[in-house]
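Numbering (this note's numbering), first residue to last: 1 to 289.
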């Protein structure tokens with residue numbers, strides 16, 4: 001049985017057509033399936049847990065990075081699970097790293113490709129992430145996006161970025177990579193499996209989703225006069241060329257803010273005292289390019 005988990009948000013605009021195309025394809029291929037539409041934030045996690053605990057281990061996520069994150073966090077045994085992805089969200093950052101095309105075009109992978117292992121990030125508090133998790137200015141931007149009511153999609157993200165550019169002052173943190181500790185005042189501190197966030201901002205271009213490595217990335221908070229230039233470098237995928245940026249490939253990493261703060265896990269916001277992360281490799285399988 002193929003179980004499709006989709007949010008109401010993903011069914012807006014093009015989403016209804018994408019789901020109709022998917023269902024038509026499932027029927028044409030003679031595949032038994034069930035569509036589960038979530039009812040609230042966190043419901044995708046509950047559905048994934050219930051389904052996988054009873055042995056339903058073929059899950060297809062229709063939506064964006066947040067829905068994919070919720071489903072991953074609910075899977076009872078990732079080593080027994082196969083994930084499919086039909087990107088239909090706003091950002092779809094992990095699908096870019098996994099070479100999964102937008103919308104119904106992703107169905108070809110489900111029917112003509114073999115699932116491949118994909119790494120994921122496991123946190124000590126039980127949360128998981130497939131793409132990028134961290135603290136700092138990116139979280140400030142996402143928090144503003146959640147509060148904003150006027151604009152939508154990438155326009156909302158752009159104006160939230162401008163507001164953060166004006167007001168954000170950095171965060172004091174302690175980080176470690178495989179047990180070696182450092183202290184920073186950071187603009188952004190993140191653990192990366194995927195390359196980009198925020199609908200296409202290339203935060204960590206060297207990251208690879210199946211290399212068994214976690215990328216710890218720290219961008220020091222620059223002088224206010226240098227912040228616009230740093231953000232231009234970030235948008236162009238060149239932030240790692242600046243001396244304020246430090247990247248360490250590791251298998252375990254920890255980010256400890258000075259005080260509990262909001263952290264983002266694939267764009268999902270939660271209060272965190274620390275992010276203690278390790279990469280899990282060779283367990284979960286995903287239909288991808």
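Here a beta-carbon is modelled for each residue, glycine too, at the ideal position from N, C-alpha and C.
Query raised in the report: Around the C-beta of residue 271, are 16 or more other C-beta atoms found within 10 angstroms, so that it is buried, or is it exposed?
Result: Within the chain shown, numbered from 1, the residue matching residue 271 stands at position 271. So residue 271 counts as exposed.
Query raised in the report: Measuring CA to CA, which of 125, 161 and 129 is closest to residue 142?
Result: Looking up residue 142 in the chain shown gives position 142. Of the listed residues, the one whose Cα sits closest to residue 142 is 161.
Report task. Could you say which of 31, 25 and 44 lies nearest to residue 10 if we only look at CA atoms? Result -> In the chain shown, counting from the first residue as 1, residue 10 sits at position 10. The shortest Cα separation from residue 10 among 31, 25 and 44 belongs to 44.
**Report entry** Top-ranked residue by Cα proximity to residue 40, from 81, 5, 51 and 98
**Finding:** Position 40 of the chain shown, counted from the first residue, corresponds to residue 40. Of 81, 5, 51 and 98, the residue nearest in Cα terms is 5.
**Report entry** Endpoints, the beta strand (DSSP E) within which residue 15 is located
**Finding:** Translated into positions along the chain shown, residue 15 becomes position 15. Looking at the DSSP string, residue 15 is not in any beta strand (DSSP E); the run it does join, the alpha helix (DSSP H), is 15–28.
Query raised in the report: Given a threshold of 16 other Cβ atoms within 10 Å of its Cβ, counted over all protein chains shown, does residue 105 qualify as buried or as exposed?
Result: Here residue 105 refers to the residue found at position 105 when the chain shown is read from its first residue. With fewer than 16 other Cβ atoms inside 10 Å of its own Cβ, residue 105 counts as exposed.
Query - C-alpha distance - residue 244 paired with residue 189, whole-angstrom precision - result: Within the chain shown, residue 244 is the residue found at index 244, counting from 1. Within the chain shown, residue 189 is the residue found at index 189, counting from 1. Cα-Cα distance, rounded: 12 Å.
Report task. Put residue 281 into one of helix, strand or coil per three-state DSSP. Result -> To locate residue 281, count along the chain shown from 1; it is residue 281. Strand.
Requested in this report: Could you check the C-alpha separation between residue 247 and residue 178 for me, to the nearest Å?
Outcome: The residue labelled residue 247 in the question sits at position 247 within the chain shown. The residue labelled residue 178 in the question sits at position 178 within the chain shown. Going by the C-alpha atoms only, they are around 13 Å apart.
Requested in this report: Please name the residue in 76, 194 and 204 whose C-alpha comes closest to that of residue 55.
Outcome: Taking the chain shown and counting its residues from 1, one reaches residue 55 at position 55. Answer by Cα proximity: 76.
Requested in this report: Give the secondary structure of residue 3 by DSSP, where H, G and I count as helix, E and B as strand, and everything else as coil.
Outcome: Against the chain shown, residue 3 aligns to sequence position 3. Note: residue 3 maps to strand in three-state DSSP.
Report task. Compute the distance between the beta-carbons of residue 35 and residue 285, then report whether it is under 8 Å. Result -> The residue you call residue 35 lines up with position 35 of the chain shown. The residue you call residue 285 lines up with position 285 of the chain shown. Taking 8 Å as the Cβ cut-off, residue 35 and residue 285 do not qualify as a contacting pair.
Query - Secondary structure of residue 262, DSSP reduced to three states - result: Start at 1 with the first residue of the chain shown, and residue 262 comes out as number 262. Residue state, collapsed to three classes: strand.
Query raised in the report: What do you get for residue 30, buried or exposed, if any count of 16 or more other CB atoms within 10 angstroms of its CB means buried?
Result: Within the chain shown, residue 30 is the residue found at index 30, counting from 1. Residue 30 should be labelled exposed.
Query raised in the report: Closest by CA to residue 2, which one among 22, 180, 183 and 288?
Result: On the chain shown, residue 2 is found 2 positions in, with the first residue counted as 1. Nearest of 22, 180, 183 and 288 to residue 2, Cα basis: 22.
Query raised in the report: Counting Cβ pairs closer than 8 Å, one from the stretch 200–208 and one from the stretch 232–242, do we hit at least three?
Result: Verdict: yes, contact present.
Query raised in the report: Among the residues of its own chain, which have a CB less than 6 Å from the CB of residue 222, if the five just before and after it don't count?
Result: Here residue 222 is taken as the residue at index 222 of the chain shown, counted from 1. The residues are 230 and 244.
**Report entry** Backbone CA spacing between residue 69 and residue 130 [nearest angstrom]
**Finding:** Counting from 1 along the chain shown, the entry for residue 69 is found at position 69. Counting from 1 along the chain shown, the entry for residue 130 is found at position 130. Roughly 7 Å separates the two Cα atoms.
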